[in-house]
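Written out below as structure tokens is the structure these notes cover.
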Amino acid sequence: MKVSIISFLLSMVVISGTETPNYKKIKKFKDFELRNYESIIIATTTVERDFSESNSIGFRRLANYIFGDNDKNIKIEMTAPVITSFNSLYENQKDISFIMPKIHNLNSLPLSNKNNVSIKVKEVGLVAVIGFGGWATEERTNKYINKLKILIQNEKLNISDEIIVAQYNSPWAIPPFRKNEILIPLDKKNNQGLFK
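In my numbering, each residue carries its 1-based index in the sequence shown increased by 37.
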């Protein structure tokens, strides 16, 4: 019981004390919501493996970058969430990304010493979002991707082919207290009514 309480407190610290990207809530439905995100700067790497292995390899590459494996030999503060994005038509290729702290810009961030990590601006924009707990395994992730797609379809909203999986917790957070989200970008041009 004591271990569970400690794990719970640690997981809450990770969520509440870690910088996350800014967004505006556009609309709340029963089982999902629409958000409009500001642009973010990411350190990102592409891996062509299954979901679990892609996340593991990508996380290590990016962790090395923020822990000092860069041309300025500086450490960069960890933020949340870690995001995995892929095109639903080409699921084997995944982009694993760390969001860079807001104090940085493209000019202030160091370059990676490895050519498989790049720094870029990502325009997230208008997205449909559904949350879930536990481990973000491939099976559970696909379950909520499919659920969100059905919910979006029921509302007759237009979506893109991109899927974004957001994982908010550190590895030591136990499943009951983990926070994950699926984000599916919407076609803002064809959903103008949402902004009235």
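Quick reminder that beta carbons are idealized off the backbone N, C-alpha and C, glycines included.
Inspect the beta-carbon positions of residue 138 and residue 56 and report whether they are closer than 9 Å. Within the sequence shown, numbered from 1, the residue matching residue 138 stands at position 101. Within the sequence shown, numbered from 1, the residue matching residue 56 stands at position 19. Cβ atoms of residue 138 and residue 56: closer than 9 Å.
For residue 196 and residue 124, I'd like the C-alpha separation in whole angstroms. Here the question's residue 196 lines up with position 159 in the sequence shown. Here the question's residue 124 lines up with position 87 in the sequence shown. One C-alpha to the other measures close to 12 Å.
Please classify residue 112: does DSSP put it in a helix, a strand, or coil? In the sequence shown, residue 112 corresponds to position 75, counting from 1. Residue 112: coil per DSSP, three-state reduction.
Run the proximity test for residue 120: is its beta-carbon closer than 8 Å to any non-hydrogen atom belonging to the ligand COA? With respect to small molecules bound, the structure shown includes none, and the ligand COA cannot be examined in it.
Kindly identify the DSSP beta-bridge partner or partners of residue 168. Locating residue 168 in the sequence shown gives position 131, counting from the first residue. Bridge partners of residue 168: 218.
If you follow the beta strand (DSSP E) that residue 71 is part of, which residue opens it and which one closes it? By 1-based counting over the sequence shown, the position of residue 71 is 34. Start and end: 70-74.
Quick check: the stretch 62-74 against the stretch 110-129, are at least 3 beta-carbon pairs closer than 8 Å? no
Helix, strand or coil: how does DSSP classify residue 197 here? On the sequence shown, residue 197 is found 160 positions in, with the first residue counted as 1. The answer is coil: DSSP assigns residue 197 none of H, G, I, E or B.
Going by DSSP in three states, residue 89 sits in which element: helix, strand or coil? If you number the sequence shown from 1, residue 89 lands on position 52. Note: residue 89 maps to helix in three-state DSSP.
Would you say residue 81 and residue 133 are within 9 Å of each other, going by their C-beta atoms? As a position in the sequence shown, residue 81 is number 44, starting the count at 1. As a position in the sequence shown, residue 133 is number 96, starting the count at 1. Contact flag set, yes.
Give me the Cα-Cα distance between residue 168 and residue 105, rounded to the nearest whole angstrom. If you number the sequence shown from 1, residue 168 lands on position 131. If you number the sequence shown from 1, residue 105 lands on position 68. Residue 168 and residue 105: Cα-Cα distance of roughly 32 Å.
Can you grab the Cα-Cα spacing for the pair residue 152 / residue 192, in whole Å? As a first step, residue 152 is located in the sequence shown; it is residue number 115 there, counting from the start. As a first step, residue 192 is located in the sequence shown; it is residue number 155 there, counting from the start. The alpha-carbon atoms of residue 152 and residue 192 are separated by roughly 42 Å.
Outcome for residue 149 when other beta-carbon atoms lying within 10 angstroms are tallied against a minimum of 16: On the sequence shown, position 112 is the one that residue 149 refers to. By the 10 Å Cβ count, residue 149 comes out buried.
Would you call the stretch 197-216 and the stretch 165-181 touching, i.e. three or more CB-CB distances under 8 Å? yes
Contacts around residue 41, its chain only, beta-carbon distance under 8 Å, and the 5 residues preceding and following it disregarded: Taking the first residue of the sequence shown as position 1, residue 41 is located at position 4. For residue 41, the pLDDT reaches just 46, beneath the cut-off of 50, and the residue's location in the model is therefore unreliable, although a value from the coordinates is still provided. Taken in chain order, the residues that qualify are 211.
Smallest Cα separation from residue 70: which of 130, 166 and 84? Stepping through the sequence shown from its first residue, residue 70 is reached at position 33. Here the closest residue by C-alpha is 166.
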